[in-house]
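Numbered per our numbering, the sequence shown spans residues 31 to 603.
Yeah, the Cβ is synthetic: ideal placement off N, Cα and C, and Gly gets one too.
Being a predicted model, the structure only gives us computed values, none of them experimental.
Below: one structure, written as structure tokens.
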Amino acid sequence: MKYLLYCLGILLLPLLSHAQQVDLANLKGMFSKDAPLKVRGGLNASTIFHNGSETSGRQPFTWYLNGNMSMSIFNQINLPFSFNLTNAGINYTYPTTPNRLSLHPTYKGITGHIGDVAMTFSPYTLNGMQFRGVGVDVAPTNEWSVSAMYGRLSRAVAYDTANKNVLPTYQRMGYGTKLTLTKEKYGLGFSIFAAKDDPSSNPTIPDSLYIFPKKNVTFSINGMVRPAKGLELTMEYANSAVQMNKRDFNIVKEQGGNLLSSVFMYDHKSTLFYKAIKAGMNYTFMKSTIGVGYERIDPGYQTLGAYYFNNDLENITVNFSQPFLKSKANVSVNVGYQRDDLANTKSGRTSRMVSSVNMNYNPGDRLNMSLTYSNFQTYMNMRSQFDAINQTTPIQNLDTLNFTQISQNTALNVNYILKTDKRKSHNLNVNLSLQDAADLREGVLHKGDGSRFYNSNVAYSLMFIPAQVNVTAAFNLSYNTIGREDNLTWGPTAAFNSRLFKKKMTAGGSVSYNASAASGVEQGKVLNLRANAGYRVQKKHNLNLSAMQQLRWIPVKGTVNDQTVTLGYNYNF
31 MKYLLYCLGI
41 LLLPLLSHAQ
51 QVDLANLKGM
61 FSKDAPLKVR
71 GGLNASTIFH
81 NGSETSGRQP
91 FTWYLNGNMS
101 MSIFNQINLP
111 FSFNLTNAGI
121 NYTYPTTPNR
131 LSLHPTYKGI
141 TGHIGDVAMT
151 FSPYTLNGMQ
161 FRGVGVDVAP
171 TNEWSVSAMY
181 GRLSRAVAYD
191 TANKNVLPTY
201 QRMGYGTKLT
211 LTKEKYGLGF
221 SIFAAKDDPS
231 SNPTIPDSLY
241 IFPKKNVTFS
251 INGMVRPAKG
261 LELTMEYANS
271 AVQMNKRDFN
281 IVKEQGGNLL
291 SSVFMYDHKS
301 TLFYKAIKAG
311 MNYTFMKSTI
321 GVGYERIDPG
331 YQTLGAYYFN
341 NDLENITVNF
351 SQPFLKSKAN
361 VSVNVGYQRD
371 DLANTKSGRT
381 SRMVSSVNMN
391 YNPGDRLNMS
401 LTYSNFQTYM
411 NMRSQFDAIN
421 QTTPIQNLDT
431 LNFTQISQNT
441 ALNVNYILKT
451 DKRKSHNLNV
461 NLSLQDAADL
471 REGVLHKGDG
481 SRFYNSNVAY
491 SLMFIPAQVN
501 VTAAFNLSYN
511 TIGREDNLTW
521 GPTAAFNSRL
531 FKKKMTAGGS
541 VSYNASAASG
551 VEQGKVLNLR
561 ANAGYRVQKK
571 HNLNLSAMQQ
581 LRWIPVKGTV
591 NDQTVTLGYN
601 YNF
């Protein structure tokens, strides 16, 4: 069977090739390796037997057969293959269709990109856009680096009246370059990217679709400086000009104005100009760290070098981290604020406030504690379009709807080793979590608009070290209120697992019970019995068996019984 998989992989090799990187400087060493072709994979087979008073559409007997294989050629080309077979259907999955073919040869400090590749200059210029063409990254030293690209960003798609779900597009070509200088005390970077559609590539697109050929030029400049020990300042500024209709020849260029319109593009009536700025400060003193960040992106900001872009936003972030108690404890705080509608033209304005606090305390090897808190708040100010229509004076204060969503999360985890020696280890673990969510309208919490979730877990485990046996006893409690209803679920769990026959075999089992109630009315009880075993043969073969018995008592239906047995086999090569 393994020989058959080898032959199959060789036959599929020309069809399954995808983007790879070839190191030309080490080409001789690649081909001199002892095993140029390596095949790894696995085969899994399992059967599931099910029986119960309620089948819920489940088959009494189900089998699964699945496998996977990965071929590696000179540790450079990887070809994955997998299959899945069941008595419910068959599904084959082959490697990705070769819609991408690329080479990334490297030689010393030069890396080339040929074919279908993607490059990134800046989040505001070229950001991970795939293109078909050529690119290069040159880093002759650790200080200087230069990148450049040229290629087709999208191909022309003809307008098809029979299939209107596929929108037509023009052929779009793009080119750009990036220059970076990095010193110990400062750094400077500059990137420029341009793209344009070819109107002649698809002249059949009707104007009624409002799909016009575009042209875009965008540049960014960024800098970094470390004026003092532990202090770092960063900044990036970007400018983008997008001509929404390249067939617009009405030039209205004036003196001065935008840099892009003065140097790179004429100011047509359909040309839109945007800007973005991002700045940050990080200061590390002693063992403490504090940081501040600011970002502002104009409404409508876009670049043809990115698939998607968030715009019309202003972000302010602050972070702080401080160790104390001789680095046995640490606290970190993060606060962020975001707002939109920077031009004050939307019917609704949204602002968000996010904050989080994380505390860790580890005084020794036996105790570990962590506490987290996060708060997410969204504020919306809705204005109807009729406010402007019916406004009689410039200072008239018309009605608006103020809507606030608040979500808070708190979690505490405590892990304590009660006692440990060469024979036994006693461990106690406690988990508590709280989630609170509410909707405020005009600053008032109305009845039924809030929810609260409490979850707790306490577990005690005893480990018999020489025998490799672990015993656990736990208790779980969950209580939540949603609107005007409350739900309570509680129950204990006991479990054990062990390793036998020089760790070749594992065995375990558990029993758990839980009961639930809603608004004081009993909803049901559940008893679960589980057992499992596994055995390893010659490191590559594994057998496993598991069984489950579930008894559910429901007030209306009475007792419901379910049994499930699973038998499995696994082989790795």
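Pick helix, strand or coil for residue i, following the three-state DSSP scheme.
{"i": "Phe406", "result": "strand"}
{"i": "Asp451", "result": "coil"}
{"i": "Pro353", "result": "strand"}
{"i": "Pro522", "result": "strand"}
{"i": "Leu334", "result": "coil"}
{"i": "Ser238", "result": "helix"}
{"i": "Pro233", "result": "coil"}
{"i": "Phe249", "result": "strand"}
{"i": "Gly394", "result": "coil"}
{"i": "Ser375", "result": "A quick correction: the sequence has Thr, not Ser, at residue 375. In the structure shown, Thr375 sits in coil (DSSP, three-state: anything other than H, G, I, E or B)."}
{"i": "Pro617", "result": "Since the first residue of the chain shown is 31 and the last is 603, residue 617 is not available in this structure."}
{"i": "His134", "result": "coil"}
{"i": "Asn275", "result": "coil"}
{"i": "Phe603", "result": "coil"}
{"i": "Met316", "result": "coil"}
{"i": "Ala497", "result": "coil"}
{"i": "Gly71", "result": "strand"}
{"i": "Asn340", "result": "coil"}
{"i": "Asp328", "result": "coil"}
{"i": "Asn193", "result": "coil"}
Apart from the five residues on each side of it in sequence, which residues of its chain come closer than 6 Å, Cβ to Cβ, to residue i?
{"i": "Thr594", "result": "His80 and Met578"}
{"i": "Ser177", "result": "Asp167 and Lys208"}
{"i": "Met311", "result": "Leu263 and Val322"}
{"i": "His115", "result": "Checking the displayed sequence, the identity of residue 115 turns out to be Leu instead of His. These residues qualify, in order along the chain: Leu95."}
{"i": "Ser231", "result": "Ala186, Tyr200 and Gln201"}
{"i": "Ser385", "result": "Val365 and Asn405"}
{"i": "Asn275", "result": "Phe242 and Ser300"}
{"i": "Val69", "result": "Met101"}
{"i": "Phe350", "result": "Ile320 and Val363"}
{"i": "Gln435", "result": "Thr408 and Asp469"}
{"i": "Val580", "result": "It is Gln, not Val, that sits at residue 580 in the sequence shown. So the list reads Asn558 and Asp592, once near-sequence residues are dropped."}
{"i": "Ser486", "result": "Leu462 and Leu507"}
{"i": "Asn572", "result": "Arg566 and Asn600"}
{"i": "Val556", "result": "Asn544 and Arg582"}
{"i": "Asn439", "result": "Ser404 and Gln465"}
{"i": "Gly598", "result": "Ser76 and Asn574"}
Tell me the DSSP bridge mates of residue i?
{"i": "Thr199", "result": "Val187"}
{"i": "Gln160", "result": "Ala148"}
{"i": "Ile24", "result": "With the chain covering 31 to 603 only, the question about residue 24 has no answer from this structure."}
{"i": "His456", "result": "Lys449 and Leu492"}
{"i": "Asp167", "result": "Thr141 and Ser177"}
{"i": "Gln608", "result": "This structure does not reach residue 608, given that the chain is present from 31 up to 603, and the question cannot be answered."}
{"i": "Thr212", "result": "Gly217"}
{"i": "Ser83", "result": "None, per the DSSP bridge assignment."}
{"i": "Ser270", "result": "Thr248 and Tyr304"}
{"i": "Phe223", "result": "Gly206 and Thr248"}
{"i": "Thr440", "result": "Tyr403 and Leu464"}
Leaving out the 5 sequence neighbours to the left and right, which residues in its chain are closer than 7 Å to residue i when beta-carbon positions are compared?
{"i": "Thr511", "result": "Ser481 and Arg482"}
{"i": "Ile144", "result": "Ser132, Leu133 and Val164"}
Can you give me the Cβ contacts of residue i inside the same chain, cut-off strictly under 8 Å, excluding the 5 residues immediately before and after it?
{"i": "Asn172", "result": "Thr212"}
Open item on the list: With a threshold of 8 Å, are at least 3 pairs of Cβ atoms found where one atom belongs to the segment 300 to 318 and the other to the segment 327 to 339?
Closed with: yes
TODO: Answer yes if the segment 255 to 268 comes into contact with the segment 226 to 238, meaning at least three C-beta pairs across the two stretches below 8 Å, and no otherwise.
DONE: no
Task: Start-end ranges of the beta strand (DSSP E) lying completely within the segment 506 to 556, minimum 3 residues - done: 515 to 530 and 535 to 548
TODO: For the segment 541 to 550 and the segment 508 to 520, state whether three or more C-beta atom pairs, one from each stretch, are separated by less than 8 Å.
DONE: yes
Open item on the list: Any contact between the segment 451 to 460 and the segment 492 to 506? By contact I mean 3 or more CB pairs, one from each, below 8 Å.
Closed with: yes
TODO: Count the CB pairs spanning the segment 363 to 371 and the segment 394 to 403 that are closer than 8 Å, and state whether there are at least three.
DONE: no
- [ ] Spell out a yes or no on whether the segment 215 to 222 and the segment 241 to 261 are touching, meaning 3 or more CB-CB pairs, one atom from each, closer than 8 Å.
- [x] yes
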